[in-house]
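This report refers to the structure that appears directly beneath it.
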Amino acid sequence: MTSPALLLLLSIALLFHILGTIKLSNDLNNLPSLLSSYNHPIIQKLLEWRKRNENSETLLSLQQEDVTAVKCSMQFVIFSKSWFLNSVQRSPSQQQLLIKTLKSIVRLRNLRIFNPCIWVVQDKKKNTKNDEILKKHFHQELGRITVTNSLQPLKIEFSKIELKPNLRSSTSTLIYLVEEGFEFCENVLHHLMNIANEFKAKKQKKQIIFRASTGIVNGLIFHENIMSEFLDKFMKSSIKKKPILNELLVMDFLKKRDLYMYRWQLMSNSEVTLSKNFAVSAVKTQPQCHETLIDPTSIFSFDLDHCTHSNFSPCQRKTFNSDKNGEFVHDTAQEEIFPATSKLSLSQLQQAESVLSQAGSSCDKACKKKGMKCNSDYFPYINRCDEFKQFHHLKCECVREVEASSRSPYFNQDQCVIALRRSMFRCDSNPKSTTERRLCPCSPK
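With mature numbering (1 follows the signal peptide of the UniProt record, and there is no 0) applied, the sequence shown corresponds to residues -20 to -1, 1 to 425, in that order.
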């Protein structure tokens, strides 16, 4: 005979199964609306096929020719180091930068939905070493990779775009500029689709540009019909008769255009592994993968104070209730949803604990005192105002730190300070003053 306890467990399991089925069904029903907003012929074919099957008693076949993707979903233009002001002679380790950059772009290709095309604008003097690298590592992709040692072929190619009749910016291919040495972070394809969808939403603005990474030209995204103008400005900017990519060129190109910053950093710089000193400097000043694109060294930064609710800045201010006007909004909620960087299970999260350290103490010491260990993997889940609230004796104003540090989040007198970047957090960092008390992510040993 079945016990009441077993019946109760089976009932609970059945309830969760039903709820999960409903959630999955809702997600699948919402999928067409998301995909239809992505301007891509293969997506439209798949959605049409799905709609035909909804009105048919039998499963209709999908012809092979129906799922052949367009030639280029997005064009990536990679500039080698020689096109920048502070370019140096390439070392053997630097020769691997192009491989890393190319591999990260090739990995974006996904189920015939997204097909990247790539231009490599290499050293002015043809680099035979690069040609050998491409043939060795990317022989299957050579049909999608065009290598040139001058700007003229690019100029000719994109000048043709301007001559196309009735070209609409909403249907033209997007250009993504890349600096050799940068590579895409994991799980960024849906971010690129978000940006493409935003281009479509702003189709009345033909001269808009988006930025999704730090760098000089790295991460600039715009319609192919203005690429020719960018190349014109590039070819005219010369130092000792050689065109140079620099901030002044970017500023000139952005004149009379609307620049939108994407919220998340979508690329990382491979060069940080080449020099320890450079690595330390880069970590201090630049955001890492999936962190908010705030760069103190650049005038191009996401406006987090005004656009905490948005993936793009500038943005329309979110309307708050009168009693919540100007309420502090966290920067971690969406970060954990969209980039899908969390690899922690629910059982692991339940074992984690936020611990308030003693004044002047590190998180290593605070967790050890509780018989636990400091675990930076749990940082996003303690970097919140509501985590401070569970310590009822604390009365503080919740603020975001102005400059990224390794000791946030922490409590200091009348302020609860939330960290700006998860990559900066260090378990062994000591508070800056004897009044600071760090909030620490602790887990079982």
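Where is the CB? At the ideal position from N, CA and C, for every residue including glycine.
What is the residue span of the beta strand (DSSP E) that residue i lies within?
i	result
cysteine 420	416 to 424
threonine 153	Unbroken run through threonine 153: none, as it is neither H nor E.
methionine 173	First-last for methionine 173: 169 to 181, but that is the alpha helix (DSSP H), not the beta strand (DSSP E).
methionine 352	352 to 354
phenylalanine 190	189 to 191
valine 127	125 to 128
In the DSSP output, what is residue i paired with across the bridge?
i	result
asparagine 395	Reading the sequence as shown, one finds glutamine at residue 395 and not asparagine. Paired residue(s): Glu377, Asn392.
serine 334	Pro421
glutamine 55	Cys97, Ile155
phenylalanine 292	Tyr242
threonine 272	Trp244
phenylalanine 162	Asn249
phenylalanine 64	Leu225
asparagine 410	Answer by DSSP bridge pairing: none, since asparagine 410 is not bridged.
Which stretch, first to last residue, makes up the alpha helix (DSSP H) that contains residue i?
i	result
tyrosine 361	359 to 362
histidine 203	Note, histidine 203: premise wrong, no alpha helix (DSSP H); beta strand (DSSP E) at 200 to 203.
serine 248	From DSSP, serine 248 is part of no alpha helix (DSSP H) but of the beta strand (DSSP E) over 247 to 249.
glutamate 209	207 to 216
threonine 81	77 to 86
glutamate 367	365 to 369
cysteine 287	Unbroken run through cysteine 287: none, as it is neither H nor E.
phenylalanine 280	Counting along the chain, phenylalanine 280 falls outside any alpha helix (DSSP H), and DSSP gives it neither H nor E.
phenylalanine 233	227 to 234
alanine 346	343 to 349
Can the beta-carbon of residue i be found less than 9 Å from the beta-carbon of residue j?
i	j	result
phenylalanine 162	serine 248	yes
glutamine 268	serine 403	yes
phenylalanine 405	phenylalanine 359	yes
proline 294	aspartate 285	no
arginine 387	lysine 353	no
alanine 192	tyrosine 242	yes
asparagine 90	cysteine 52	no
proline 421	alanine 332	yes
leucine 82	isoleucine 125	yes
phenylalanine 64	glutamate 159	yes
threonine 273	asparagine 363	First, the residue type needs correcting, since residue 273 is leucine and not threonine in the sequence shown. Not in contact: leucine 273 and asparagine 363 (Cβ atoms no closer than 9 Å).
phenylalanine 59	leucine 172	no
serine 139	serine 250	no
histidine 117	isoleucine 79	yes
phenylalanine 164	arginine 87	yes
valine 379	isoleucine 398	yes
What residues in its chain sit with their C-beta under 6 Å from that of residue i, if we drop five residues either side in the sequence?
i	result
glutamine 55	Cys97, Thr153, Ile155
threonine 414	Ala339, Gly340
glutamine 266	Thr194, Asp275
tryptophan 99	Val57, Thr126
lysine 182	Ile188
Residues in its own chain within less than 8 Å of residue i by CB, not counting five upstream and five downstream?
i	result
glutamate 271	Trp244, Gln245, Glu315, Arg401, Arg402, Ser403
leucine 131	Val101, Leu211, Phe214, Met215, Pro223
alanine 346	Val335, Leu336, Ser337, Gln338, Cys354, Arg418, Cys420, Cys422
leucine 122	Leu114, Lys115
glutamate 416	Ala339, Gly340, Arg387, Tyr390, Phe391, Asn392
isoleucine 317	Unreliable positioning characterises isoleucine 317 in this predicted model, as indicated by a pLDDT of 36, which lies under 50. A coordinate reading is not provided.
lysine 425	Gly351, Met352, Lys353
Whose C-beta lies closer than 7 Å to the C-beta of residue i among residues of the same chain, with five residues either side of it excluded?
i	result
serine 278	Thr194
leucine -11	none
cysteine 376	Phe368, Phe391, Asp394, Gln395, Cys396
glutamate 227	Ile196
serine 356	Phe405, Cys407, Pro421
serine 217	Pro223, Ile224, Leu229
cysteine 343	Ser337, Cys354, Cys407, Arg418, Cys420
isoleucine 206	Gln187
aspartate 232	Lys213
Would residue i pass as an interface residue toward chain D - the criterion being a Cβ-Cβ separation below 9 Å?
i	result
aspartate 366	The chain labelled as chain D is not found in the depicted structure, where only one protein chain is given.
At a cut-off of 8 Å, would you count residue i as near the ligand MG, judging by its Cβ distance to the nearest heavy atom?
i	result
isoleucine 93	For the ligand MG, the structure offers nothing, since it holds no ligand at all.
Can at least three beta-carbon pairs, one atom from the stretch 168 to 179 and one from the stretch 131 to 140, be found at a separation below 8 Å? no
With a cut-off of 8 Å, do at least 3 Cβ pairs link the stretch 232 to 240 to the stretch 187 to 206? yes
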